[in-house]
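Quick mapping for you: the protein sequence lines, in order, are chains A and B.
Going by our numbering, the first sequence opens with residue 283, and the numbers climb by one from there.
Going by our numbering, the second sequence opens with residue 12, and the numbers climb by one from there.
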Amino acid sequence: MSFIIPTERRHWRTRLLYVGIYAVVTVGALTMVYPFLIMLAGSVKCRVDFDQFEIIPRYLFDDAQLYRKFTRARYNANAWRYQIAARSDVELFEEVPYPERFNEAAARDLSEFVETRSMPAGFLAAGQFWESGVQPRIQRQWRAFLVRRTGGDLRRLNREFNLTSKSWDEVLVPEPEMITQGARWGETAYDRLYRDEFRPGLPRHELWPVHCEGLYFVELRRRFGMDIRKLNERFGTDFATFQEITLSRTYPPGSPLASEWEFFVRRLVNPLFLRIVREGHDAYREFLRQRYGAIEEFNRRHQTDFLSFEQAPVPARCEEAGSCEPDWLAFVREGDIRGAVVIDSFDTRYRDYLKRKYETLSALNAAHGERYGSFETVPLRLAEYDAWILREHRTELRWEFFTRNYRQAFSFLALRGRALWVTFLYCTLNVLLHMTVNPLAAYALSRYQLRSGHWILLFCVLTMAFPAEVGSIPRFLLIRELGLLNSLWALLLPGAAHGFAIFILKGFFDGLPRDLYESAVIEGAPEHWIFWNVTLALTKPILAVTAFSAFTAAYGAFLFALIICPAERMWTISVWLYQFQQQVSEPVGFAGLVLSSIPMLLAFLLVQRFILRGIVLPVEK
Amino acid sequence: MWSVVALATEPVELRLWTIPDTSAADANARSSAALIDLYRSRHPEVELRKTAGIRIPQIGGSAPILMAIAGGIAPDVLTIPQDSLYDFVDQSFLLPVDDYLAMVPEEELRERAPPAVWDAARMPGPDGSLHTYAIPVRTFTSNLKVRHDLASKSGVPKENLPRTWEEMVETARALTDPDKGRYGMGLPKGNGLAGVFTKLLVSAGGQPWEQRDEGPLFATFDSPEGVAALDFLWQLTRGPWESNGMIHRGASYVDTSLYYPQKRGKFIMAFWTMSDRGMMRAADAHRFFLLPMPAAPNGRSRPFISALYMGIFAGQEDERVRRAAFDYIWMQGSREGRRAVTETLVEIDAAINASPVDLLQFGFEEELRSEFPDGYLEFYQRSLAEGYVSPTGKGANEINRAIKEAAKWVLRSDWDEVGAEERGAEFGRLLSQAAGNVNRRLHQELPASTLRTRKAVALGLAAVMFAAFAWQLLLVQRTYAKRLGLTDSERDTAPKRIALRLRIGLLLLPALALVSLWEYYPLARGTFIAFQDYRFLEGTRFVGADNFVQVIFSSFFWQAMGLTVLYVVLSLSLGFFTPILLAILLHELPRGTVLFRVLYYLPALTTGIVVIFLWKSFYEPGPSGLMNYLLSFLNVAPQRWLEDPRLAMVSCVLPTVWASVGPGCLIYLAALKSIPEELFEAGSIDGCGFGGKVRHIAVPYIRPLVIMNFLGVFIATFQSAGYILVLTGGEAMTNVVSLEIFYEAYARLNFGAAVAMSWILAFSLIGFTLFQIKYLAKLEFRSAGAEG
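In structure tokens:
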């Protein structure tokens with residue numbers, strides 16, 4: 283009953299008091315609830331929106347936010363790749379602009395080109411397979427693919443593909459960074475499995491086009507310190523922005539930036555995106571002549587038997603060069619490439635495609651509603667293409683971002699090894715042990731008033747005279763010497779008997795009416811029936827609370843569990859959670875926190891109707 | 012080429028601390044993969060397994076491996092930092108490797124590491140004769156690493172990079188632009204800072220410690236070179252200077268890890284180490300440039316050499332596993348192994364990550380010339396030849412800890428009020444005090460009389476302590492005998508039949524056996540260990556009161572004790588009364604009690620560790636930290652919650668307070684509910700207001716609960732450590748005694764001293780536990796739901 287009795291309630295001072303009380307407890311309650319809402323909201327976010335602390339994640343209704351998250355995932359969390367694709371100055375994904383309205387026709391053409399035309403695998407790069415501390419979709423699918431293939435046996439995977447992964451977390455997508463000059467497809471069985479079996483099964487829109495003109499833009503910008511004036515000064519041009527500069531397919535004689543084109547082709551672009559044209563054959567053979575001097579030397583090196591350099595093959599693309607690849611690369615680096623080498627990339631093929639499709643520039647301009655100067659300068663608009671994909675797959679993407687943290691946390695905490703099983707065993711057995719050892723002893727002391735009873739009780743209670751800290755290290759050494767480290771026994775036994783609990787329980791059992799026992803005995807009930815149906819049944823709330831705290835102690839045990847069971851196969855969920863927090867990004871970590879709270883919540887719901895009644899209160903005698 | 016031929020083909024399992032990551036495509040992973048492949052091809056019968064110990068980020072050095080050994084999951088190959096070599100040998104964890112090394116060609120030994128590095132792993136074992144206990148796998152030499160691209164952009168071209176300390180301070184200042192978030196210098200925190208201090212001290216010609224005789228090492232970091240090094244560090248981190256009318260303090264970016272910040276261009280220069288597995292390792296020559304250590308004011312510039320070793324765990328009995336372990340270790344730097352690594356690196360176009368010496372040795376002169384700047388090879392060879400290797404011996408880690416504390420202490424203050432001259436004198440005084448303390452501790456080079464006094468004091472304390480505990484036991488026994496015994500023993504209703512007696516015995520047995528084994532036995536055992544130098548494998552012996560001497564005359568312990576008191580006071584003052592007040596308020600609500608009760612109980616629906624992680628994330632110093640985000644509304648600058656010594660302790664207290672308000676309040680609510688209604692009515696009739704009723708009715712009624720709770724919380728708070736470990740790891744003035752005990756025991760394996768500490772901690776609580784138990788005797792317990 284409250285302090286304020288009903289008759290006082292109407293007084294104005296009382297009312298004022300109520301207002302004050304409500305204000306205080308509401309503010310207090312907010313400080314309790316707010317962090318939880320932050321945790322829940324944070325657990326479905328990613329780096330892009332984590333710092334914004336809104337309670338309802340904006341991407342659930344705001345496409346611009348979703349777009350930023352999507353681009354970050356698509357370009358594998360590297361703004362440099364986005365800058366290349368979008369020919370953009372933006373350094374942070376948080377600042378990526380959303381092309382709310384875009385050229386539908388152009389985006390459709392791009393999409394059609396990507397979906398229907400075949401092109402070398404390196405022209406499109408995979409997205410969503412790497413973000414620091416996150417498992418994006420393609421990464422997940424690749425692991426699932428390998429799990430299916432190996433029956434989930436990591437050792438088999440390691441053996442079959444000569445890997446050394448210690449856990450599935452270390453199994454990564456072996457996709458090279460095709461933009462960079464030295465990148466090549468790996469040639470191990472593992473690489474081939476990815477490239478030839480897994481990757482072709484991906485929907486094309488999961489891949490993003492490698493945009494050579496974008497790389498040219500980014501590199502020019504970097505080389506001239508982000509300052510277009512420096513470039514203009516150097517070449518006597520008058521570009522307003524770096525974005526205006528286009529990359530010509532062939533060497534542009536007479537253009538002020540011809541030297542930059544040459545540098546780009548020789549030094550920066552991946553040779554995968556170059557081709558030697560028919561007009562360049564002479565130059566290539568001339569280069570071979572200079573490199574080898576005599577055809578005999580060439581034959582010796584390549585184990586061929588040509589009569590002259592005129593017979594030597596000229597591979598059009600680097601990938602076709604085979605053993606001649608060093609020659610091919612050296613030619614690009616040092617040979618006379620003007621007019622001989624052209625850029626053959628996604629950009630140029632898309633433009634060729636447009637040319638075939640529309641035939642005339644005016645047809646293209648009419649279809650796209652633009653005023654392009656020529657087919658060669660049609661911009662790629664990849665940022666808009668991304669927006670197009672977003673529009674086509676909006677729900678799917680939202681669902682992906684909403685669930686992916688939880689998928690990762692769940693697979694880490696629950697599916698990994700034995701975490702769930704160990705924790706389940708530990709918690710259940712801990713509750714069972716607590717609920718047998720202590721009540722049994724208390725029952726024996728209470729039911730049969732032994733002459734030595736108080737000595738026994740004293741023996742139990744006296745342990746309280748020494749703070750827990752004193753025994754903890756010798757206890758650890760005892761566990762070690764008994765050979766119980768890294769076993770369930772080490773977790774269970776040391777805390778199973780609790781002197782104070784026996785003391786309290788005995789007190790309650792003493793308080794039960796004794797005639798209940800007597801009549802039970804007269805009716806011939808066996809002892810265990812009495813224990814179960816009289817003693818325990820009448821103290822249910824207290825037992826429920828004791829069981830709940832035994833569960834809580836086991837489920838939350840951290841430092842203790844860490845010291846006693848450092849071997850991975852015996853880690854409980856709390857210990858895994860600790861490990862998990864160190865490996866993942868914060869939003870994923872939050873998802874782990876939420877997931878690991880669920881068992882506690884369930885246990886609480888189970889006992890909540892007893893909790894208030896089961897609380898034990900001390901009263902002076 | 013030398014390698015052991017497998018004698019049998021049955022599989023051998025070799026447990027390693029880590030298996031290098033070979034899945035990535037970078038040079039580091041590729042060279043590791045080359046080594047693993049080579050090992051596998053030579054030893055197909057060996058299966059490599061990783062021992063999965065937990066990684067605690069705050070615990071560095073050799074502590075994680077020591078924890079693994081303690082936890083019974085020791086790997087077969089132990090990785091040991093140089094300064095821990097002595098301790099590992101002392102604990103008998105390492106197997107001598109002389110017999111294996113005898114099979115290796117002499118010149119390969121010479122190629123692998125400079126003689127001084129080998130010597131460091133050679134020391135007398137338990138049998139008294141000299142053995143080599145570990146094999147160097149990496150050798151590091153100190154240097155200066157510069158982002159020369161950014162430096163030249165900021166007006167300092169390569170040829171103007173600093174050559175002396177003086178020039179360095181100037182250059183660092185010239186390159187610092189706090190508005191752009193760019194600093195001239197990058198310096199590490201904590202242990203790393205102590206490392207930089209040692210590098211500078213050695214560079215100036217000093218030595219951090221010396222081996223003077225057979226006994227422990229002597230700390231000598233308080234030399235004039237040490238003072239100069241500290242002053243130089245102070246100039247870099249705190250020294251005031253003016254530019255554009257603004258006073259700046261220091262010219263350094265300070266962080267735990269410097270590798271990525273330097274790559275991102277946060278700062279230009281940093282002291283660095285180059286390794287024999289690639290001096291530039293993962294850096295690129297277009298942006299980074301390595302310089303010799305700048306010359307000290309005395310003109311000297313000497314590289315500091317340190318090494319990482321691997322040894323074989325002595326607990327491994329199987330000779331085949333030992334052999335496999337040796338082969339694994341050997342390959343980490345054998346000619347064969349280095350050749351494989353170098354060839355791989357050249358092949359993947361990453362010769363810059365190879366060692367220049369290896370490139371030369373294995374015939375890649377062309378790569379060496381084209382990839383490395385001129386003179387690097389000579390620079391590197393000279394560093395190895397002229398470098399200084401500090402001796403190993405007992406006490407290296409203690410001295411390092413003293414260096415770290417002294418450096419941290421000095422660099423925390425501004426030292427504005429003293430002039431340059433005086434500052435030097437002051438630094439000298441501080442350093443020699445620190446060195447003196449650690450030397451006295453290591454050598455007990457105290458006058459015999461002081462030593463005797465100390466032993467007597469410790470012994471006296473121990474005697475008083477145990478007497479007090481015995482007296483307490485007696486007292487409690489008397490109290491309870493009176494309360495429990497007399498009333499019941501008169502009517503012994505226990506049946507006399509043997510069968511029933513047996514049954515009663517059976518019912519009691521589990522509880523009594525468990526309490527004896529897990530409570531009383533450890534207590535008795537702990538009494539012994541407190542007087543022992545306890546060892547896992549062999550060599551435990553009694554040392555009298557030495558553990559107590561070590562503990563009570565250590566400033567760390569008393570600092571920790573003070574922090575514990577602070578922690579308890581903060582916890583209780585913030586967290587103890589809040590639930591009581593809240594309960595009284597909630598109790599009053601005519602409507603919505605249940606709702607509020609649930610809301611306040613929310614934190615208890617998760618586990619403690621979840622609460623701690625949640626708050627740890629809120630405390631993030633960057634923009635992703637909720638606390639700083641909320642502060643920004645109040646226009647308060649972002650704080651480093653867990654790193655600032657002024658805030659860290661409160662930050663450690665808050666999460667627990669937050670989480671325990673709800674559950675605590677629930678208990679008081681239950682108690683308030685059980686107050687009979689008539690009392691309040693009577694109170695109103697007597698004219699009591701709200702406050703009056705709380706004071707005169709509620710408080711007396713719930714007093715036993717409040718007292719019991721207070722004692723329980725007080726005693727528990729005194730001993731809590733786990734959450735501080737997760738939040739700060741004991742840094743930033745949060746190292747409470749329980750945490751110190753944890754480190755002393757599980758991270759340093761110094762169980763004797765740890766147990767002694769826990770006894771002293773328990774002793775300081777003795778009044779409270781006594782009161783608690785005696786008060787308990789006066790109480791009886793009811794369940795809240797039983798009535799009312």
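We put the CB at the ideal spot given by N, CA and C, even for glycine.
Note that the structure is a prediction, hence the values are computed from the model and not measured.
Taking C-beta to C-beta, are residue i and residue j nearer than 8 angstroms?
i: A/Val743; j: A/Gly781; result: yes
i: B/Leu388; j: B/Val157; result: no
i: B/Ala469; j: B/Val560; result: yes
i: B/Glu742; j: B/Gly72; result: no
i: B/Phe243; j: B/Trp176; result: yes
i: B/Ala162; j: B/Ile279; result: yes
i: B/Phe438; j: B/Leu212; result: no
i: A/Gly621; j: A/Gly536; result: no
Tell me residue i's beta-bridge partners as DSSP assigns them.
i: B/Gly603; result: According to DSSP, B/Gly603 bridges with nothing at all.
i: B/Leu89; result: B/Gly322
i: B/Gln543; result: B/Phe553
i: B/Asp266; result: B/Pro199
i: B/Gly289; result: B/Ser286
i: B/Ser317; result: B/Phe151
i: B/Pro251; result: B/Arg260
i: B/Phe792; result: A/Pro900
i: A/Val623; result: A/Ile558
i: B/Ala281; result: B/Lys156 and B/Gly197
i: B/Ala230; result: B/Trp220
Am I right that residue i and residue j are in contact with their C-beta atoms under 8 angstroms? What's the rounded C-beta distance?
i: B/Phe602; j: B/Leu677; result: Reading off the sequence shown, one finds Arg at residue 602 of chain B, where the question assumed Phe. The Cβ separation is near 19 angstroms, so there is no contact.
i: B/Ala145; j: B/Ile76; result: Wrong, their Cβ atoms sit about 12 angstroms apart, outside the cutoff.
i: B/Ala541; j: B/Gly763; result: 7 angstroms
i: B/Arg452; j: B/Ala318; result: Going by Cβ atoms, the distance from B/Arg452 to B/Ala318 rounds to 26 angstroms, so no, they are not a contact pair.
i: B/Gly673; j: B/Leu613; result: 7 angstroms
i: B/Ile174; j: B/Ala262; result: Looking at the sequence shown, residue 174 of chain B is not Ile but Arg. Between B/Ala262 and B/Arg174 the Cβ distance is about 17 angstroms, and since that is not below 8 angstroms, they are no contact.
i: B/Thr403; j: B/Ala131; result: 5 angstroms
i: A/Pro534; j: A/Val614; result: Their Cβ separation, rounded to whole angstroms, is 17 angstroms, which puts A/Pro534 and A/Val614 out of contact at 8 angstroms.
Can you list, in chain order, the residues of its chain with a C-beta nearer than 6 angstroms to that of residue i? Leave out the 5 residues immediately preceding and following it.
i: B/Glu382; result: Ala362 and Ile363
i: B/Ser394; result: Thr152 and Pro314
i: A/Gln690; result: Gln417 and Val870
i: B/Ala413; result: Ala445 and Val449
i: A/Val396; result: Arg486
Looking only at its own chain, which residues have a Cβ that is under 8 angstroms from the Cβ of residue i, when we skip the five neighbours before and after it?
i: B/Leu141; result: Arg133, Met134 and Pro135
i: B/Ala571; result: Asn746, Val747, Val748, Leu750 and Glu751
Got a sec? Which residues, its chain only, sit under 7 angstroms from residue i by beta carbon, not counting five neighbours each side?
i: B/Leu269; result: Gly197, Pro199 and Ala281
i: B/Val15; result: For B/Val15, the pLDDT reaches just 46, beneath the cut-off of 50, and the residue's location in the model is therefore unreliable, leaving the point undetermined.
i: A/Thr289; result: none
Practice item. Only counting runs of 4 or more residues, tell me where the alpha helix (DSSP H) segments fall wholly within the stretch 713-749 of chain A, in order along the chain. Key: 735-743
Point to revise | Completely contained beta strand (DSSP E) runs for the stretch 406-464 of chain A, where each covers 3 or more residues | key: 406-408
Check your understanding: Unbroken alpha helix (DSSP H) runs of length 4 or more, entirely within the stretch 766-831 of chain A: which are they?
Key -> 770-778, 781-793, 796-804 and 809-812
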